[in-house]
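Novice:
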Amino acid sequence: MPDIDSFCSKVSPHLLSLLRIIVAFLFMQHGAQKLFGFPAAPGTVTVELLSLIGLAGVLEFFGGLLILVGLLTRPIAFLLSGQMAVAYFMAHAPQGFWPVVNKGELAVLYCFMFLYLAAAGAGPWSIDQLRRKLT
Numbered sequence: 031m032p033d034i035d036s037f038c039s040k041v042s043p044h045l046l047s048l049l050r051i052i053v054a055f056l057f058m059q060h061g062a063q064k065l066f067g068f069p070a071a072p073g074t075v076t077v078e079l080l081s082l083i084g085l086a087g088v089l090e091f092f093g094g095l096l097i098l099v100g101l102l103t104r105p106i107a108f109l110l111s112g113q114m115a116v117a118y119f120m121a122h123a124p125q126g127f128w129p130v131v132n133k134g135e136l137a138v139l140y141c142f143m144f145l146y147l148a149a150a151g152a153g154p155w156s157i158d159q160l161r162r163k164l165t
């Protein structure tokens, strides 16, 4: 019978890449809604590009795209982690202490997911890894 630790050590780098891809794909949707109005939801409007929410949309969409393909993952993930912390404390925390009450669970979750990616890197399925192999 195979050793579970051996199996986990083989698949965990690939799961890291899969986690990065899924998180980035979901995160990009928030930016796409702000910038392009897609995917459309009731009450969705595009925002002014030269506004705080417009900047958030640019970071969410294009930063998410860089995370999705695994390019400059660590610095971009660190930047996006900070963006989500700022978003939480500016938009959600004033509405109440508990994230489930102030609707800030996603901001907190994204903040710590990106902080983890900043520390762990992109994983094997990434442009970062491809660039590392070529040098």
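Residue 125 in my numbering sits at position 95 of the sequence shown, and the numbers go up by one each step. Ideal Cβ placement from N, Cα and C applies to all residues, glycine included. Bear in mind the structure is a predicted one, so any value in this text is a computation, not a measurement.
On the CB-based measure, 16 or more other CB atoms within 10 Å of its CB, does cysteine 141 come out buried or exposed?
Specialist: buried
Novice: Taking C-alpha atoms, which residue in Met120, Leu89, Pro72, Leu110 lies nearest to alanine 149?
Specialist: Leu110
Novice: At the level of alpha carbons, what is the spacing between methionine 120 and glycine 126?
Specialist: 12 angstroms
Novice: With three or more beta-carbon pairs closer than 8 angstroms as the criterion, would you say the segment 43–50 touches the segment 149–161?
Specialist: yes
Novice: Less than 9 angstroms between the beta carbons of leucine 95 and threonine 103, yes or no?
Specialist: no
Novice: Short check: CB of glycine 93 to CB of tyrosine 118, under 9 angstroms?
Specialist: No, they are not a contact pair.
Novice: Rounded to the nearest angstrom, what separates tryptophan 128 and leucine 85 at their Cα positions?
Specialist: 26 angstroms
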